[in-house]
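Protein chains: 2
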Amino acid sequence: MKQNHSKQGATIHDVAQYAGVSAMTVSRVVNKSASVSEKMRKKIESAIEELNYVPNLAARAARTGVNKIGIIFSNPKSHNLGDFLMGAFTAGSRLGCELLIEPLPAHPEPLDALKTLINKGVSGVILPPPICDSLEAHQLARKHSVTALSFASGNPKLHSPAVLIDDFAGASAMTHYLIGLGHKKIAFVKGDPSHSPAISRFEGFMVAMAEAGLDVEDDCIFQGDFSYKSGLDVAQTLFAQDKSQRPTAIFAANDEMAAAIIAVAHGMDVKVPEEVSIAGFDDTAIASTVWPQLTTVHQPLQQMAEKAVEILDATLRKTTQEQKHFVAPFKLVERESTGHF
Amino acid sequence: MKQNHSKQGATIHDVAQYAGVSAMTVSRVVNKSASVSEKMRKKIESAIEELNYVPNLAARAARTGVNKIGIIFSNPKSHNLGDFLMGAFTAGSRLGCELLIEPLPAHPEPLDALKTLINKGVSGVILPPPICDSLEAHQLARKHSVTALSFASGNPKLHSPAVLIDDFAGASAMTHYLIGLGHKKIAFVKGDPSHSPAISRFEGFMVAMAEAGLDVEDDCIFQGDFSYKSGLDVAQTLFAQDKSQRPTAIFAANDEMAAAIIAVAHGMDVKVPEEVSIAGFDDTAIASTVWPQLTTVHQPLQQMAEKAVEILDATLRKTTQEQKHFVAPFKLVERESTGHF
DNA sequence: AATTAAAATGGTAACGATACCATTATCATA
DNA sequence: TATGATAATGGTATCGTTACCATTTTAATT
Numbered sequence: 001m002k003q004n005h006s007k008q009g010a011t012i013h014d015v016a017q018y019a020g021v022s023a024m025t026v027s028r029v030v031n032k033s034a035s036v037s038e039k040m041r042k043k044i045e046s047a048i049e050e051l052n053y054v055p056n057l058a059a060r061a062a063r064t065g066v067n068k069i070g071i072i073f074s075n076p077k078s079h080n081l082g083d084f085l086m087g088a089f090t091a092g093s094r095l096g097c098e099l100l101i102e103p104l105p106a107h108p109e110p111l112d113a114l115k116t117l118i119n120k121g122v123s124g125v126i127l128p129p130p131i132c133d134s135l136e137a138h139q140l141a142r143k144h145s146v147t148a149l150s151f152a153s154g155n156p157k158l159h160s161p162a163v164l165i166d167d168f169a170g171a172s173a174m175t176h177y178l179i180g181l182g183h184k185k186i187a188f189v190k191g192d193p194s195h196s197p198a199i200s201r202f203e204g205f206m207v208a209m210a211e212a213g214l215d216v217e218d219d220c221i222f223q224g225d226f227s228y229k230s231g232l233d234v235a236q237t238l239f240a241q242d243k244s245q246r247p248t249a250i251f252a253a254n255d256e257m258a259a260a261i262i263a264v265a266h267g268m269d270v271k272v273p274e275e276v277s278i279a280g281f282d283d284t285a286i287a288s289t290v291w292p293q294l295t296t297v298h299q300p301l302q303q304m305a306e307k308a309v310e311i312l313d314a315t316l317r318k319t320t321q322e323q324k325h326f327v328a329p330f331k332l333v334e335r336e337s338t339g340h341f
Numbered sequence: 342m343k344q345n346h347s348k349q350g351a352t353i354h355d356v357a358q359y360a361g362v363s364a365m366t367v368s369r370v371v372n373k374s375a376s377v378s379e380k381m382r383k384k385i386e387s388a389i390e391e392l393n394y395v396p397n398l399a400a401r402a403a404r405t406g407v408n409k410i411g412i413i414f415s416n417p418k419s420h421n422l423g424d425f426l427m428g429a430f431t432a433g434s435r436l437g438c439e440l441l442i443e444p445l446p447a448h449p450e451p452l453d454a455l456k457t458l459i460n461k462g463v464s465g466v467i468l469p470p471p472i473c474d475s476l477e478a479h480q481l482a483r484k485h486s487v488t489a490l491s492f493a494s495g496n497p498k499l500h501s502p503a504v505l506i507d508d509f510a511g512a513s514a515m516t517h518y519l520i521g522l523g524h525k526k527i528a529f530v531k532g533d534p535s536h537s538p539a540i541s542r543f544e545g546f547m548v549a550m551a552e553a554g555l556d557v558e559d560d561c562i563f564q565g566d567f568s569y570k571s572g573l574d575v576a577q578t579l580f581a582q583d584k585s586q587r588p589t590a591i592f593a594a595n596d597e598m599a600a601a602i603i604a605v606a607h608g609m610d611v612k613v614p615e616e617v618s619i620a621g622f623d624d625t626a627i628a629s630t631v632w633p634q635l636t637t638v639h640q641p642l643q644q645m646a647e648k649a650v651e652i653l654d655a656t657l658r659k660t661t662q663e664q665k666h667f668v669a670p671f672k673l674v675e676r677e678s679t680g681h682f
């Protein structure tokens with residue numbers, strides 16, 4: 001009940017006294033809310049540093065209220081929900097804002113999820129694909145003065161905040177990696193075409209292949225929809241081909257499909273990675289669950305979610321207008337599902 | 342910034358005025374913190390109801406500080422982290438307590454995770470298997486006056502709070518379900534023996550088989566460790582047997598192993614569920630990812646996490662001493678991986 | 001130099017709840 | 001019935017911030 005005192009250190013008044021100014025000025029520095037002279041800001045900032053001051057969020061919230069940020073979730077069963085929530089709530093509790101989760105499948109119309117959040121009084125909202133690419137959604141948000149942030153969109157709106165990775169570059173990097181392993185005939189399994197990142201990933205693949213002077217024939221392009229089942233189906237057709245004609249590497253637009261392809265390969269006695277290399281995208285939990293573990297492109301979802309909440313909170317509190325777009329770095333994770341050819 | 346007013350309705354003073362008492366008395370009713378006459382409580386409770394009063398957590402926190410609750414997580418890559426966090430954070434933000442997550446793998450010694458949390462000043466902690474069954478962990482917590490709650494333990498300590506499902510009954514129900522489908526030779530894949538629920542689940546299986554008068558031969562019991570890989574290995578041995586000798590149903594102690602078994606079956610051209618039924622346990626994301634989707638025992642993780650935080654918060658705020666153990670209801674989820682024999 | 005505008009800072013109150021202490025009602029017991 | 005203990009209630013101060021307004025300083029303009 002009073003463990004706050006164990007950790008609670010300096011208050012704003014301590015800082016003010018230490019710096020020889022009023023608490024108000026310290027508050028202004030902390031919140032970047034009004035003009036403070038350069039000299040004074042320096043002094044206060046070093047006092048904050050010195051005393052290790054951290055604003056008491058509860059007290060602030062008592063005075064100013066809490067920023068409510070809505071999060072629309074497309075798939076509550078997704079394998080990366082954990083990472084996402086982890087990041088979002090870490091930032092949420094650090095910044096003292098309230099997070100409201102709204103699962104998309106709970107509504108007949110996608111826009112209803114957004115309406116629900118608006119009714120609950122959010123002032124900012126995080127939109128994942130595919131709703132982040134819906135013009136209507138952005139318009140609806142704007143009409144209610146709700147700031148909408150596009151999360152992991154393939155082509156984010158320029159005028160509104162966004163957090164994403166460079167899907168194109170990620171797919172391109174993976175393609176180059178596969179090519180570097182000696183693969184020439186590489187198949188690509190496309191994702192749900194209504195998700196913008198699916199398109200960027202495909203483009204990244206195609207451009208990288210072209211850069212390497214490699215042809216991509218039609219029989220090496222498969223249409224999936226990001227689901228395990230679609231991966232299963234693709235794999236079935238794929239491995240039914242004569243071995244000599246088969247691609248030596250398969251790059252799926254997400255891990256779930258890649259995992260399915262591994263499962264089928266495993267069953268049809270096609271050795272992974274000896275006979276065929278398989279790569280995924282996202283690095284969700286399933287990538288390190290399956291065996292052999294998946295080589296994939298890691299999307300730092302936790303960091304991205306954290307950043308998304310940060311950007312929205314900052315925007316809503318008007319502390320800063322600076323960076324509205326954040327492109328997180330992807331990372332190629334080499335595991336056991338890929339090998340030399 | 343001031344969207345709180347849009348939703349913020351009655352304050353404690355409004356309630357007090359409405360009920361014709363002082364704010365203090367209302368506070369006492371809300372917090373069950375001291376004696377209030379029956380008559381007055383009734384009156385205040387109906388006033389609360391009437392005005393739709395919800396305590397302002399920020400204001401309360403400003404005055405009393407925030408309860409810090411630590412959560413130790415055994416596997417950050419787990420497929421049910423999402424559900425768990427969802428529940429924990431829902432409760433956390435509803436009750437206004439701070440949640441600190443500490444992943445177990447980040448430490449060389451399991452107890453170090455707990456020590457870290459204690460150092461960060463938590464006053465309560467949620468312990469999953471296997472650490473929830475460690476006497477040392479409970480002793481360490483007690484030494485620092487930290488309340489420890491066992492989460493999903495197979496045999497929770499009686500004197501400390503716990504949230505769990507009846508693993509024994511769940512496994513038993515699934516076994517009876519398989520028997521009801523006509524299966525007589527049923528294999529069981531055991532989980533990591535250091536996790537207490539793994540043991541209860543196995544016992545549930547054995548007892549249910551015995552109840553039905555069915556023998557379980559040694560070649561129908563396999564040792565896994567909850568991992569996908571171990572499921573893969575078991576499946577390999579299992580399906581290598583002659584078809585006439587094979588069990589007609591396989592019950593794995595968790596979904597991950599069951600998913601692996603499905604994958605192998607699929608590959609070896611053993612039709613699921615026509616030739617073999619496969620069942621899992623937990624109902625994590627992977628259960629509805631694989632194809633055919635997994636029949637499994639649903640563990641309401643989200644609800645459980647919510648309850649765990651609730652119990653800890655209540656205990657720490659001493660509002661009530663009542664229920665310290667919560668046994669959540671499991672549910673048998675029939676999907677496509679099981680069928681009649 | 002005088003005037004005005006703008007920038008920089010400070011003082012005070014209040015956000016909504018609870019801790020703490022003071023007061024009053026109630027009840028048992030001698 | 002008086003007495004003291006305990007239960008039931010109320011009053012006030014305060015948690016750490018920030019909103020709001022007042023004041024002072026600085027800069028710009030005529």
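Protein chains in written order, with the working numbering: chain P, 1 to 341; chain R, 342 to 682.
Glycine residues also receive a C-beta, built at the ideal position from the N, C-alpha and C atoms.
Using a Cβ-Cβ cut-off of 7 Å, residue 359 of chain R is close to nothing in chain P; its nearest Cβ partner there is about 22 Å away. The three-state reading of DSSP puts residue 195 of chain P in coil, since its state is none of H, G, I, E or B. Residue contact with chain P for residue 618 of chain R: absent (no Cβ-Cβ distance below 8 Å to any residue of chain P). By alpha-carbon distance to residue 183 of chain P, the top candidate from P:327, P:208, P:97 is P:208.
In the structure shown, residue 294 of chain P falls within a coil segment according to DSSP collapsed to helix, strand and coil. The shortest C-alpha to C-alpha distance from residue 546 of chain R to any of R:573, R:508, R:582, R:566 is the one to R:508. Nearest to residue 238 of chain P by alpha-carbon distance, out of P:227, P:251, P:161, is P:251. Under DSSP, no beta-bridge partner is assigned to residue 451 of chain R. For the 8 Å CB-CB criterion, residue 466 of chain R and residue 489 of chain R form a contact.
Distance from the CA of residue 670 of chain R to the CA of residue 35 of chain P, rounded to the nearest whole angstrom, comes to 58 Å. At a cut-off of 8 Å between C-beta atoms, residue 656 of chain R does not count as an interface residue with respect to chain P. Residue burial is scored here from C-beta neighbours: residue 447 of chain R has fewer than 16 other C-beta atoms within 10 angstroms and is therefore classed as exposed. The closest CA to that of residue 570 of chain R, considering only P:134, P:153, P:81, P:290, is found on P:290.
In this chain, the alpha helix (DSSP H) harbouring residue 657 of chain R covers 642 to 657.
Non-local beta-carbon contacts of residue 540 of chain R in its own chain, meaning distances under 6 Å to residues more than five positions away in sequence, involve 495 in chain order.
A distance below 8 Å separates the beta carbons of residue 428 of chain R and residue 644 of chain R. Under DSSP, residue 444 of chain R takes part in a beta bridge, and its partners are R:414.
Contact check for residue 255 of chain P and residue 282 of chain P: beta-carbon distance about 5 Å, within the 8 Å limit, so the pair qualifies. Measuring C-alpha to C-alpha distances from residue 170 of chain P to each of P:54, P:23, P:297 identifies P:297 as the nearest. In the three-state DSSP reduction, residue 517 of chain R falls in the helix class (H, G or I). Rounded to the nearest angstrom, the gap between the Cα atoms of residue 176 of chain P and residue 100 of chain P is 40 Å.
With 16 or more other Cβ atoms inside 10 Å of its own Cβ, residue 443 of chain R counts as buried. Counting only runs of 4 or more residues that sit fully inside the stretch 244 to 273 of chain P, the alpha helix (DSSP H) segments are 255 to 267, in chain order. The Cβ neighbour count for residue 640 of chain R, taken over all protein chains shown within 10 Å, is at least 16; the residue is labelled buried. The shortest CA-to-CA distance from residue 324 of chain P to any of P:259, P:235, P:158, P:306 is the one to P:158.
Nearest in C-alpha terms to residue 61 of chain P, of all of P:97, P:278, P:18, P:190, is P:97. For residue 228 of chain P, the neighbours in chain R by C-beta distance under 8 Å run, in chain order, 630, 631, 632. In the structure shown, the three-state DSSP call for residue 439 of chain R is strand. Annotated as distal: residue 459 of chain R and residue 420 of chain R, with beta-carbon spacing of 8 Å or more. Annotated as distal: residue 351 of chain R and residue 398 of chain R, with beta-carbon spacing of 8 Å or more. With respect to the 8 Å criterion, residue 654 of chain R and residue 408 of chain R are classified as neighbours on the basis of their beta carbons. Taking 8 Å as the cut-off, the Cβ atoms of residue 426 of chain R and residue 89 of chain P count as close.
By alpha-carbon distance to residue 646 of chain R, the top candidate from R:424, R:564, R:379 is R:424. Within chain R, the C-beta atoms nearer than 8 Å to that of residue 78 of chain P come from 423, 626, in chain order. Residue 278 of chain P is bridged by DSSP to P:250. CA-to-CA, the gap between residue 502 of chain R and residue 72 of chain P works out to about 34 Å.
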